[in-house]
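Read the structure below first, then the notes.
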Amino acid sequence: MPRSRSLPRIGVFHCTATGAATLGILFLLLWATAAIADPRASEGMLVFLTQQALRTPEDIGLALGQAILLGGLIGALLALCYNALRFLARPDGP
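Sequential numbering of the sequence shown, starting at 406, is according to my numbering.
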């Protein structure tokens, strides 16, 4: 008799917080790379995360906030889509 397994739901808040923390840390690492080494090395990703000039601490704080919000949005959308598409999971074999 075949058994079907039900995939657990992903917590939307947990995934939102994870995405926000991940993109926030990524932004800080990219900013540090651009500030210390070569600005061109990280410029493309920094432009993706923010359009700020990143010259003053206020600019960096605003850009970090934008990266955190974007990461949270991506994490929430990921969890919502995963939960909505759980029915596509293949059932276990016999």
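Cβ coordinates follow ideal geometry from the N, Cα and C atoms, glycine included. Quantities reported herein were computed from a predicted structural model and do not represent experimental measurements.
Is residue i helix, strand or coil by DSSP?
{"i": "P413", "result": "coil"}
{"i": "D443", "result": "coil"}
{"i": "T461", "result": "coil"}
{"i": "L490", "result": "coil"}
Using the Cβ count rule (16 or more neighbours within 10 Å means buried), how would you classify residue i?
{"i": "G373", "result": "An answer regarding residue 373 cannot be provided, because it is not within the stretch 406 to 499 covered by the chain."}
{"i": "L469", "result": "buried"}
{"i": "L493", "result": "exposed"}
{"i": "L435", "result": "buried"}
Looking at C-alpha atoms only, which residue of the options is the closest neighbour of residue i?
{"i": "A425", "options": "A489, L474, A484 and L434", "result": "L474"}
{"i": "A472", "options": "H419, A439, T427 and L493", "result": "T427"}
{"i": "G480", "options": "R414, L412 and H419", "result": "H419"}
{"i": "L433", "options": "R414, P413 and P462", "result": "P462"}
Since residue i and residue j should fall inside the 8 Å C-beta cutoff, what is the C-beta to C-beta distance between them, to a whole number of angstroms?
{"i": "V417", "j": "L485", "result": "6 Å"}
Can the beta-carbon of residue i be found closer than 9 Å to that of residue j?
{"i": "L478", "j": "T421", "result": "yes"}
{"i": "I415", "j": "L482", "result": "no"}
Say the cut is 8 Å; is the CB of residue i nearer than that to a heavy atom of the ligand ATP?
{"i": "T423", "result": "In the structure shown, the ligand ATP is absent, as is every other ligand, since no ligand is present at all."}
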